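Structure, as structure tokens:
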Amino acid sequence: MSGRNLTLTLAAVVALFIASNSLFIIKETERGVLLRFGEVVTPSLEPGLHVKIPFVNNVRKFDGRVLTVDSQPERFFTQEQKALIVDSYAKFRVDDTAKFYTATNGEESRAAGLLAQRINDGLRNEVAARTIQEVVSGERDELMEIITRDLDKVARTELGVEIIDVRVKQIDLPPDVSESVYRRMNAEREKEAREHRAQGKELAEGIRAAADREVTVIEANAFRDAELIRGEGDARATAIYADAFGQDPEFYSFTRSLRAYGEAFQTQGDIMLLKPDSEFFRYLKDAGGPN
Numbered sequence: 001m002s003g004r005n006l007t008l009t010l011a012a013v014v015a016l017f018i019a020s021n022s023l024f025i026i027k028e029t030e031r032g033v034l035l036r037f038g039e040v041v042t043p044s045l046e047p048g049l050h051v052k053i054p055f056v057n058n059v060r061k062f063d064g065r066v067l068t069v070d071s072q073p074e075r076f077f078t079q080e081q082k083a084l085i086v087d088s089y090a091k092f093r094v095d096d097t098a099k100f101y102t103a104t105n106g107e108e109s110r111a112a113g114l115l116a117q118r119i120n121d122g123l124r125n126e127v128a129a130r131t132i133q134e135v136v137s138g139e140r141d142e143l144m145e146i147i148t149r150d151l152d153k154v155a156r157t158e159l160g161v162e163i164i165d166v167r168v169k170q171i172d173l174p175p176d177v178s179e180s181v182y183r184r185m186n187a188e189r190e191k192e193a194r195e196h197r198a199q200g201k202e203l204a205e206g207i208r209a210a211a212d213r214e215v216t217v218i219e220a221n222a223f224r225d226a227e228l229i230r231g232e233g234d235a236r237a238t239a240i241y242a243d244a245f246g247q248d249p250e251f252y253s254f255t256r257s258l259r260a261y262g263e264a265f266q267t268q269g270d271i272m273l274l275k276p277d278s279e280f281f282r283y284l285k286d287a288g289g290p291n
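Residues 1 to 291 in full-length UniProt numbering are what the sequence shown lists, from first letter to last.
Shown next, in the form of structure tokens:
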């Protein structure tokens with residue numbers, strides 16, 4: 001290789017090295033700052049191709065998307081001094097790149113740790129001013145709004161990040177408290193069940209007594225009506241018989257004698273001891289009967 005070609009090759013390598021260390025790209029999903037010997041000279045680099053001075057300038061890039069900081073569950077005390085285990089998280093985004101770099105050295109993990117500490121401090125203060133009922137359901141949304149607003153002010157000022165939202169994932173009682181609460185709730189439910197069963201039994205007895213009383217009244221009324229109907233029927237039958245037999249008393253006497261004979265001699269071997277001139281044999285001795 002000739003000296004001219006070697007020189008051109010070295011020049012091309014040097015130019016390529018300088019270009020690779022002079023040009024850099026900021027993506028749409030990134031934020032960045034331009035440094036000069038560690039000092040911020042361009043606080044917010046727009047997405048696109050940029051130029052820097054090799055060995056003089058340095059570039060720090062940060063994720064410009066919405067990030068999540070997941071805090072560890074912490075024990076907080078309510079207004080009644082009741083312990084709660086609160087698990088929370090927050091959504092944030094880099095807002096002031098220069099302040100973010102200065103406060104965290106551009107480390108997302110460090111920013112997440114600082115935010116988690118501030119979230120826990122805010123939750124501790126807000127939970128301490130409320131009852132369990134208010135924290136769990138009554139004022140939970142209001143509590144999140146207050147913490148998000150206050151934390152956003154602090155985070156913008158101190159860390160250069162915007163707090164988008166703070167949410168509580170889960171609120172639990174400590175294990176030692178959960179067992180006692182469960183036992184108390186179980187005892188209350190058993191007491192309530194016993195009361196309901198007693199009320200049901202009392203109501204059932206009342207319904208059963210009312211039904212028995214109604215049955216007795218219905219049966220008495222039915223028996224009364226039956227007796228009245230039977231009495232009316234017997235009276236009517238007696239009247240019909242009296243009217244019929246009154247038209248021929250002798251025939252009535254004859255039929256009565258026949259009925260008496262039939263009832264007296266129902267089975268074979270029946271024996272009756274009567275005088276021959278007894279009135280009982282009147283129609284047996286004279287078919288025509290007495291005149």
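Cβ atoms here follow ideal geometry from the backbone N, Cα and C, with glycine treated the same way. On a predicted model such as this, the values are computed, not experimentally measured, just so you know.
Here's a check: name, in chain order, each residue in its chain whose Cβ is nearer than 7 Å to the Cβ of residue i, leaving out the five neighbours to either side.
i	result
Leu34	Val41, Thr42, Leu45, Lys52, Asn57 and Val59
Ser88	Ser71, Ile119, Leu123, Val166, Arg167, Val168 and Lys169
Leu6	none
Leu49	Leu23 and Ile25
What is the DSSP secondary structure of residue i, counted as helix, strand or coil?
i	result
Val69	strand
Ser88	strand
Gln170	strand
Ile147	helix
Glu80	coil
Ile207	helix
Ile218	helix
Leu6	helix
Glu139	coil
Leu228	helix
Glu188	helix
What is the residue span of the beta strand (DSSP E) that residue i lies within?
i	result
Asn57	Asn57 to Asp63
Gly32	Glu30 to Arg36
Thr42	Glu39 to Thr42
Leu159	Leu159 -> no beta strand (DSSP E), and no H or E assigned at all.
Ile26	Leu23 to Ile26
Leu49	Gly48 to Val51
Count the other CB atoms within 10 Å of the CB of residue i; is the residue buried (16 or more) or exposed (fewer)?
i	result
Val166	buried
Leu228	exposed
Thr9	exposed
Tyr241	exposed
Phe62	buried
Tyr182	exposed
Glu126	buried
Asp152	buried
Ile147	buried
Thr157	exposed
Can you tell me the Cβ-Cβ gap for residue i and residue j, rounded? I've got them flagged as a contact below 8 Å.
i	j	result
Glu74	Val86	6 Å
Arg118	Phe76	With a Cβ gap of about 15 Å, Arg118 and Phe76 do not count as contacting.
Gly160	Thr97	7 Å
Ile171	Leu84	6 Å
Pro54	Glu28	Wrong, their Cβ atoms sit about 25 Å apart, outside the cutoff.
Glu30	Gly64	5 Å
Starting from residue i and walking both ways along the alpha helix (DSSP H), at which residues does that stretch end?
i	result
Val127	Glu108 to Ala128
residue 299	Because the chain spans 1 through 291 in this model, residue 299 falls outside it and cannot be assessed.
Looking only at its chain, what residues have a beta carbon closer than 6 Å to the beta carbon of residue i, apart from the 5 residues adjacent to it on each side?
i	result
Glu162	Arg93 and Asp95
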